[in-house]
Amino acid sequence: MAKFELKLPKMGESVAEATITSWLKEVGDTIEADEPVLEIATDKVDSEVPSEVDGKLIEILFEADDVVEVGQTIAIIETDGDVE
1 MAKFELKLPK MGESVAEATI TSWLKEVGDT IEADEPVLEI ATDKVDSEVP SEVDGKLIEI
61 LFEADDVVEV GQTIAIIETD GDVE
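Residues in the sequence shown are numbered consecutively from 1, following the UniProt record's numbering.
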């Protein structure tokens with residue numbers, strides 16, 4: 001089993017951080033690649049953050065209303081294979 005770090009993606013040139021508005025998945029949930037995991041809000045746009053891998057959500061590192069910087073790890077997903 002490998003662990004994949006889901007990071008807050010870059011949402012635009014001037015966006016450096018986002019607020020987590022809600023988690024769409026809970027610890028223990030199975031997630032497919034491209035499936036939304038959480039919703040975020042920036043000063044420019046509200047959007048969903050999808051998983052990049054298939055796996056199981058094993059850890060949530062931030063709660064709703066937390067402000068997270070672009071590139072920070074926000075959750076850990078356990079996968080069956082190796083993660084690059």
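All C-beta atoms, glycine included, are put in the ideal place defined by N, C-alpha and C.
So residue i and residue j are in contact, right, with Cβ under 8 Å, and what is the actual spacing, rounded?
i	j	result
D54	A33	5 Å
Relative to the C-alpha of residue i, which residue among the options is closest?
i	options	result
G71	A18, K3, M1	A18
G28	D66, I60, G81, D65	I60
S51	T73, V37, K25	V37
E78	K25, A64, F62, L57	L57
Please state the DSSP three-state secondary structure of residue i.
i	result
S47	strand
P9	coil
K25	coil
Can you check DSSP and say which residues form a bridge with residue i?
i	result
T79	A2
T19	A41, V67
E59	I76
May I have the straight-line CA-CA distance separating residue i from residue j, to the nearest angstrom?
i	j	result
E69	L8	7 Å
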